[in-house]
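Worksheet for the structure shown next.
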Amino acid sequence: MLTFMKLCCLVIMEAFAAVIFLEGILQWKQKEPVRFWSEEQAAEENSVKNVKIYNRIHGSLWMILGGVSMISLIVNYLTGAAHTGFTVLCGIVVMFVIHQITGKILRRA
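Add 10 to the 1-based position in the sequence shown for my numbering, that's all there is to it.
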């Protein structure tokens, strides 16, 4: 019974991680500037020098979060260890670092 519950939990959480990953793909392909957070105003097209790079940066952040979540959930299920939170936290730190680096790149471009 416990294995079935863990498997159901894995499937549900993988579905949510896949939605996050797909959000990144959609942002990657957008022609207009995208929003980073749900309530944030979208950047004006004339204030973004290169919309393609801007959208790819934000899309890649969501893809990293979704990908790290999917991988960590599978590893957690296979090993039985409870290190999923640590792995996702590492993914968030990587997202923050990439956001800081790419923000500097966007300001220079």
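Virtual Cβ for every residue (Gly too), placed ideally from N, Cα, C.
Considering only the alpha carbon of each residue, which of W72, Y64 and K62 lies closest to E33? Stepping through the sequence shown from its first residue, residue 33 is reached at position 23. It is W72 whose Cα lies nearest to the Cα of E33.
Just checking, does the stretch 23 to 33 make contact with the stretch 68 to 86 on the three C-beta pairs under 8 Å criterion? yes
Are the Cβ atoms of G69 and V103 separated by less than 9 Å? On the sequence shown, residue 69 is found 59 positions in, with the first residue counted as 1. On the sequence shown, residue 103 is found 93 positions in, with the first residue counted as 1. No, the Cβ-Cβ distance between G69 and V103 is not below 9 Å.
What are the start and end residues of the alpha helix (DSSP H) that includes V85? The residue given as residue 85 occupies position 75 in the sequence shown. Its alpha helix (DSSP H) spans residues V61 to T89.
Tell me the rounded alpha-carbon separation between L75 and K114. To locate residue 75, count along the sequence shown from 1; it is residue 65. To locate residue 114, count along the sequence shown from 1; it is residue 104. Whole-angstrom Cα-Cα distance: 21 Å.
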